[in-house]
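Engineer: First residue of the sequence shown: 2, per this note's numbering; consecutive thereafter. Just so it is clear, CB atoms sit at the ideal spot from N, CA and C, and this is done for glycine as well. No experiment lies behind these values; they were computed from the predicted model shown.
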Amino acid sequence: MQEETARSAIDTFISAFNASDDSYVTALLSQALTSDVVFWGPLGRSEGIAAVERFVLDIRRHPAGTGTMARCSAVDMPDEWARYQWVFTTPDGGPRLAGTDVVHLRRSLIDQVIVFAGEIEPSAS
Numbered sequence: 002m003q004e005e006t007a008r009s010a011i012d013t014f015i016s017a018f019n020a021s022d023d024s025y026v027t028a029l030l031s032q033a034l035t036s037d038v039v040f041w042g043p044l045g046r047s048e049g050i051a052a053v054e055r056f057v058l059d060i061r062r063h064p065a066g067t068g069t070m071a072r073c074s075a076v077d078m079p080d081e082w083a084r085y086q087w088v089f090t091t092p093d094g095g096p097r098l099a100g101t102d103v104v105h106l107r108r109s110l111i112d113q114v115i116v117f118a119g120e121i122e123p124s125a126s
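1) Is the Cβ-Cβ distance between Ile-138 and Arg-72 less than 9 Å?
2) Can you name the start and end residues of the beta strand (DSSP E) that Leu-34 belongs to?
3) Looking at Ala-33: is its Cβ nearer than 9 Å to the Cβ of Val-26?
4) DSSP on Ser-24, reduced to helix/strand/coil?
5) How big is the Cα-Cα spacing for Leu-98 and Gln-86?
6) Can we say the segment 32–46 touches the segment 60–70, given the rule of at least three CB pairs closer than 8 Å?
7) Can you tell me which of the three DSSP states Asp-80 falls into?
8) Cutting at 7 Å between CB atoms, please list the residues of its own chain near Val-76, excluding the five before and the five after it.
9) Please report how far the alpha carbon of Arg-107 lies from the alpha carbon of Pro-64, in whole angstroms.
10) Counting only the same chain and skipping the five closest in sequence on each side, list residues whose C-beta sits under 6 Å from that of Val-88.
11) Less than 9 Å between the C-beta atoms of Gly-66 and Pro-92, yes or no?
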C-alpha cells in the first residue's frame, strides 16, 4: 500500500514535467508535494512548491526543445524513503538526461526530493 502511495505521488510529480501547458505545472505539483517541500537539486537546496516549479519550468524550456520526462524503473520503497530512476529526452534524438530521485513522503505527499542527475547523453536510436 505504501509503495502505491509513493508511486502515485511520484508519477504526479513527473507529470508536471510533461504538462500540456506551463499553467498546469503548479496544480500538478500541488497534488504531489507538501507546501513546505525541501528540494535538493543540481543547484543546491530550495524550499516550497514555487522553488520546485522553477526547476520544472527550467527543464521544460530546455534549449533543444520541449522534452519528455518518464519514470523508467519501479518505485523501490524500503522504508520512509522511495527511489526511482527517470529519463528526460528532448525531441529528435536530442540530449538525454538520466538520473535517480529519492523522495520522502508525509501524509501521502512528497515532502523531500533529492535529485541525482547523471550525465547528458545522446539518446540511443
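Structural biologist: Reading from the atomic positions:
1) Given that the chain is displayed from residue 2 to residue 126, the structure contains no residue 138 and the question cannot be resolved.
2) 34–42
3) no
4) helix
5) 11 Å
6) no
7) coil
8) Glu-4, Ala-7, Arg-8, Ile-11, Ala-83 and Tyr-85
9) 35 Å
10) Ala-71, Cys-73 and Ala-99
11) yes
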